[in-house]
Amino acid sequence: MKREESFITNLTKLYVLFILSKGPAHGYDIMKEFKAATGKVLSPGQIYPLLSAMQRKGFVEMATKVEGKRQRKIYALNDKGKEFAGNLRAKIVRVLGL
């Protein structure tokens, strides 16, 4: 992977983490918020593997919820994920001098 692609991938992971720090969401909500904020489309083939990786690393928990006739996977940061997101946010603020 080229350095630029790797950088964009890491920014995507970071932004998804911050979206989830606002509260639980399903993949479609995350994709909509990502597009609204960045103007870039995040496909299901990008978001779901990313969420699965965050789940394997112990930052995200997934629960299923029935909405109408559909069963949705809802993703939320657990305590480890919240702590990680908070620490990252503090570092970014410190580095950027915000």
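Straight run, no breaks: the sequence shown in the numbering used here ends on number 185.
Quick reminder that beta carbons are idealized off the backbone N, C-alpha and C, glycines included.
Source: prediction; values computed, not measured.
{"query": "Same chain, Cβ closer than 6 Å to Lys-109, five either side skipped, listed in chain order", "result": "none"}
{"query": "Where the alpha helix (DSSP H) through Val-180 begins and ends", "result": "166-183"}
{"query": "Asn-165 and Val-147 closer than 8 Å at C-beta", "result": "yes"}
{"query": "Outcome for Tyr-162 when other beta-carbon atoms lying within 10 angstroms are tallied against a minimum of 16", "result": "buried"}
{"query": "Rounded separation between Lys-119 and Ile-134 - CA only", "result": "11 Å"}
{"query": "Which of helix, strand or coil DSSP assigns to Lys-156", "result": "coil"}
{"query": "Distance between Gln-158 and Gly-132 (C-alpha atoms, nearest Å)", "result": "19 Å"}
{"query": "Any chain B beta carbon closer than 8 Å to Leu-164", "result": "This model lacks chain B altogether; it includes just one protein chain."}
{"query": "Pair within 8 Å by beta-carbon distance, Met-149 and Lys-160", "result": "yes"}
{"query": "Check: Phe-146 C-beta below 7 Å from any heavy atom of the ligand FMN", "result": "Ligands are entirely absent from the displayed structure, and the ligand FMN is therefore not among its contents."}
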